[in-house]
Structures are given as structure tokens and as C-alpha cells.
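In my numbering, the protein residues as written are 4 to 368. Using N, Cα and C, we set each Cβ at its ideal position, and we do this for glycine too.
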Ligand SMILES: [Zn+2]
């Protein structure tokens, strides 16, 4: 029987918590990670009604995109909807797990789902993040090089885009002189040794440092393993905000709006004045995306599908791009399908449900 931690660990392989924004509060908000999972309820928001639904569906794990606890709580006495929701979850032994900006920031996450709904191709992250990668250099005796490299690959090192097992090696000579307390694999105490070694370089996502260095040290034959770690300024093409891609065929602005409305099941779209240019390249960002408008324009997007634009921010389109503000809930509601698919594909024996509660706090008259 799977435990809560098995599911959260699995979700964090997809969307590591290291990729959440500094203001966020993703992770296990209530519940014991060692508790056995009876059923999982996936939702965009966790509200009291969703906790009631979990009780009815006999689920003891709610996986939500938005964290119900976002700021510090100083009391817990039911004076607002956040406290009421948490109290009800704890009383009913229900764990609440939030997978928020970390799921926004991975290329298989929230924005990928929107891009798929819109039928976009040639997808890439709109604003790839820097400072998420580390380079490791190490020195391995030639006959052990492949074994040590494979151990590091197994721990997540050496992935670049669609390529795995990426590394570079150059042959050279390593030198060392063990003292009389050493227990050298090669050579003798108090004698300088010269060994044919490969200098190997490879990169890995920085949050995997403990695993990668651990794998190196475990697989390397030497008592003392020499290695250097270097944080990289490179952007990571698989991690960052928003996504951009192309429609199969260019569309008129009207056709595009109709297409967005149909594919995202919308009643209303707020959009900027038409410029009568065809639309093919489209940027998307689930939730509040106005901070990406300049990036979307610079990347050549003719339309930007997102939400939560303020009045004055609509002016910034200047007829160079069409802003299509589809609503925060509407832009992210399909995230529960994404979460449900991740979990049910990997935990086939656990009942996984999508919440039927419409949690949208915004109503249209
Ligand atoms: Zn959101």
C-alpha cells in the first residue's frame, strides 16, 4: 500500500520543490507522510467543500495546485476559510499537498497542459530559469570511468534536453602520495603515484547535488575522491515560467479567440484591440502572467493567453501582441487532470479522483 510520501516523492520528481518561487508554500501542508493512502482527490484549490468531497469519496490525500496555507498562521481557530479548511482536513485525517509554482516552472507542468489544450507545437519554456544547474568535474581511473559515470547518470546527472548520458572526458595523469594513515586503492603509502585518469565533466540540476555526489563517492574506487562543483549561469531550458509554441496553421484573430474559447471551455475572454495580423506563435502562462508580457513579445508571440491582467497593463500590448485574459481559474482548471493523470499512471491501484467542486471565487453575470 502506498504511503503519502510515496506520492509526494513521485510528484516532486516531476516538479522538484527546489523550483518553487521564493514566496510560495508548496509541499505537504497537513498530514502524516507515513499514512497509507486510501484515495487521492486532485483539485485546483483546496476549500472546505473540497475537503467535504474528499470525505465523501473516501480520499485521505488532496493534491491541490494552490496552497491553502500561503502565509504564516498564528492561530488556528476557524475565523476564516483558510483556518476552517485546515481544521476540517486535520479533524478528518486528510493530508493536503500543494504543488504550485514548482509545477508552473517545469516544462511538463501547468503551461504544458494549456499548450496541449490549444494544440501548440514546437513547445519551449518562455522564460527559462538560470542558476538551476551545476557542473561537476572529477578524475576517474580509466578502467572505472564508465562505471562511475553510469552511477552519476543514474542519480540524474548528464541530461540536456532530449539527451541523456551527456559528459565530456579527456585523458591525463593524476598524481597523489598517500600518507601512512591512508588506505590507497592504487599505490603504496609514502610513495608518489602517477595514474592514467579521465577528467570527466558533466552537469546536473543543482537540487540533485547530494544524490549525484553521493553516487560519485559510492562508485569511485578511491578512498579520497577529487571533484569540483561549479554553479552555472546557464539557463535551464526545461525549467522556468510560461511556455511558447506555434499553432499548426496561422489563424485570424477572431478565429484564434474562438479556438481559445472552445479549447479552454470559456464563457468570456478579455482581449486587446485587434491589429488584423494573423496569429501563429502563442505564449501561455497559467495564472497571473502579466510579468511575462515583454518576454512573450521579444520571443515573437502574436498572442499571449494568460490571466489577471490589470486595466493599465492591457495598454502595454500596443497592438504588437494580443493579450487574451481568460481568467485565473479557467487558465489552470485543467491542472487537476494533469495531476490525476500523473498519479493514476504511476499508482494504478490507488483510487484517484478529479474534484467536481467549482472553486472559482469569480462569478460572471
Ligand atoms: Zn494559480
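Residue i (DSSP reduced to helix, strand or coil)
i: residue 86; result: helix
i: residue 319; result: coil
i: residue 39; result: strand
i: residue 365; result: coil
i: residue 240; result: strand
i: residue 345; result: helix
i: residue 135; result: coil
i: residue 258; result: helix
i: residue 180; result: coil
i: residue 314; result: helix
i: residue 309; result: strand
i: residue 22; result: helix
i: residue 63; result: coil
i: residue 158; result: coil
i: residue 77; result: coil
i: residue 124; result: strand
i: residue 272; result: coil
i: residue 130; result: strand
i: residue 226; result: coil
i: residue 92; result: helix
i: residue 249; result: strand
i: residue 152; result: helix
Whole-number beta carbon distance between residue j and residue i, since they are thought to touch under 8 Å
i: residue 292; j: residue 309; result: 3 Å
i: residue 68; j: residue 103; result: 6 Å
i: residue 123; j: residue 266; result: 10 Å between Cβ atoms; not a contact.
i: residue 47; j: residue 332; result: 7 Å
i: residue 324; j: residue 304; result: 6 Å
i: residue 245; j: residue 130; result: 6 Å
i: residue 250; j: residue 45; result: No, residue 250 and residue 45 are not in contact; Cβ-Cβ is about 29 Å, not under 8 Å.
i: residue 219; j: residue 151; result: 6 Å
i: residue 93; j: residue 11; result: Contact flag wrong, Cβ pair sits at about 17 Å.
i: residue 79; j: residue 248; result: Residue 79 to residue 248, Cβ: 44 Å. No contact.
i: residue 164; j: residue 200; result: Actually they do not touch by this definition, with Cβ atoms about 29 Å apart.
i: residue 264; j: residue 154; result: Their Cβ separation, rounded to whole angstroms, is 51 Å, which puts residue 264 and residue 154 out of contact at 8 Å.
Alpha carbon of residue i to alpha carbon of residue j, nearest angstrom
i: residue 148; j: residue 260; result: 55 Å
i: residue 347; j: residue 66; result: 13 Å
i: residue 258; j: residue 326; result: 15 Å
i: residue 134; j: residue 106; result: 18 Å
i: residue 214; j: residue 140; result: 15 Å
i: residue 142; j: residue 194; result: 20 Å
i: residue 268; j: residue 290; result: 16 Å
i: residue 38; j: residue 349; result: 18 Å
i: residue 175; j: residue 144; result: 10 Å
i: residue 334; j: residue 188; result: 58 Å
i: residue 86; j: residue 322; result: 44 Å
i: residue 203; j: residue 225; result: 15 Å
i: residue 230; j: residue 307; result: 45 Å
i: residue 27; j: residue 20; result: 10 Å
i: residue 29; j: residue 161; result: 27 Å
i: residue 91; j: residue 51; result: 7 Å
i: residue 294; j: residue 99; result: 29 Å
i: residue 227; j: residue 22; result: 32 Å
i: residue 316; j: residue 287; result: 16 Å
i: residue 88; j: residue 254; result: 44 Å
i: residue 63; j: residue 8; result: 13 Å
i: residue 59; j: residue 357; result: 13 Å
i: residue 371; j: residue 96; result: In this structure the chain extends from 4 to 368, so residue 371 is not present and cannot be described.
i: residue 179; j: residue 186; result: 13 Å
i: residue 399; j: residue 277; result: Because residue 399 is not part of the residues shown, which for the chain are 4 to 368, the question remains open.
i: residue 184; j: residue 192; result: 8 Å
Residue i Cβ short of 8 Å to ligand 3 heavy atom set
i: residue 244; result: Ligands displayed in this structure: ligand 1; ligand 3 is not among them.
Terminal residues of the alpha helix (DSSP H) in which residue i lies
i: residue 100; result: Element bounds for residue 100: not the alpha helix (DSSP H) but the beta strand (DSSP E), 98-101.
i: residue 371; result: In the structure as shown, the chain starts at 4 and stops at 368, and residue 371 therefore has no counterpart that could be examined.
i: residue 300; result: 296-301
i: residue 54; result: 51-59
i: residue 7; result: 7-17
i: residue 117; result: 113-121
Bounding residues of the beta strand (DSSP E) (the contiguous stretch that carries residue i)
i: residue 283; result: 282-291
i: residue 304; result: From DSSP, residue 304 is part of no beta strand (DSSP E); its letter is neither H nor E.
i: residue 198; result: 196-208
i: residue 217; result: Here residue 217 belongs to no beta strand (DSSP E); instead the alpha helix (DSSP H) covers 212-222.
i: residue 104; result: Looking at the DSSP string, residue 104 is not in any beta strand (DSSP E); the run it does join, the alpha helix (DSSP H), is 104-107.
i: residue 357; result: 354-357
i: residue 70; result: Neither: residue 70 is in no beta strand (DSSP E) and is coded neither H nor E.
i: residue 189; result: Premise fails: residue 189 is in no beta strand (DSSP E) and is neither H nor E.
i: residue 327; result: 325-328
i: residue 31; result: 30-33
Chain B contact for residue i (CB, 9 Å cutoff)
i: residue 57; result: Checking the listed chains, one finds no chain B in this structure; it contains a single protein chain.
Pocket of ligand 1 (residues with CB nearer than 6 Å to any heavy atom), chain order: 69, 290, 331, 335
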